[in-house]
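Okay, structure first, notes after.
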Amino acid sequence: MKHICYTLMMVSMLTASCSSQYVVNGLSTVESLEGKTLYLKVYKNENEDMQTIDSSNVVHGKFRFSGVLDSTVMANVFLGETSVMPVVIEEGQVSLKIDENIQSATGTPLNDSLSSFIRRKTLLETQLAELPRKEGQMIMDGMDIDEVTERLREEAQGLSMQNDRLVTHFILSNCNNVLGPGIFMILTSNYRFPILNPQIEEITTHASPYFMNHPYVREYLKAAEANMAKIREQHLKE
């Protein structure tokens, strides 16, 4: 499925302490999901284990999760070992939609915010993915290859900067709820190993105590600082 943009292998954070009833009603237009079992999983501990809290069969394109949790969490819908989409499990009724191009979760405040973020990020990633096709078309139209390369390089840089700003702003705007640490997990899961870079440093410089005290964030920063120290030490030896 296209644009399951964030390999959401690990997302789920605790927040409030009161029990709440959640209902997740899902609708899928993806034929390959018909008759399959979907699993609702949450992050279990710092070792990135995912725990199934509910499951549902897709019948005539519909599926449903429900239950009670003592806190708001960010979870993932899984098909087997593959993450299909994220969803915030919070009090109320959530509507999930899965199609070939994009997935969304709406109906509660945090899910509405998450879905809006995903739509904007997906748009930027789609524009980036279109650049090779755009390059070919521009060359076929007779434009100079060097000019095309330079123009599209600048466009790619601009889109990448917009994407980074979008992610950074969203995390900082949600650093007091489950979305901040959850999207931080997604961001850092794209790295081969924990590192510190300007984007991570900007986030951690301006983030709230809630965010900085989150178990995943603490463990990530601890590992990243150790890795950066090793890199500096290696450079001094060279």
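At the far end of the sequence shown sits residue 237, using numbering that gives the first Met the number 0, and the numbering has no gaps. Idealized CB from N, CA, C, for every residue including glycine.
Asked: Pair within 9 Å by beta-carbon distance, ILE97 and LEU32; Found: yes
Asked: CA nearest to the CA of PHE77, picked from ILE202, PHE192, THR51 and ILE138; Found: THR51
Asked: Burial state of LYS120, where buried means 16 or more other Cβ atoms lie within 10 Å; Found: buried
Asked: Residue environment, HIS213, which counts as buried when at least 16 other CB atoms sit within 10 Å; Found: buried
Asked: Residues bridged to THR81 [DSSP beta-bridge criterion]; Found: LEU78
Asked: Residues bridged to LYS40 [DSSP beta-bridge criterion]; Found: THR51 and ASN75
Asked: Neighbourhood of ARG63 by C-beta, 7 Å cutoff - its chain only, sequence neighbours within 5 removed; Found: VAL23, ASN24, GLY25 and SER55
Asked: Supposed close pair THR71, GLU89 - CB separation, criterion 8 Å; Found: 4 Å
Asked: C-beta contact flag for ILE194 and MET142 at 9 Å; Found: no
Asked: ALA155 versus GLY66 - alpha carbon distance; Found: 44 Å
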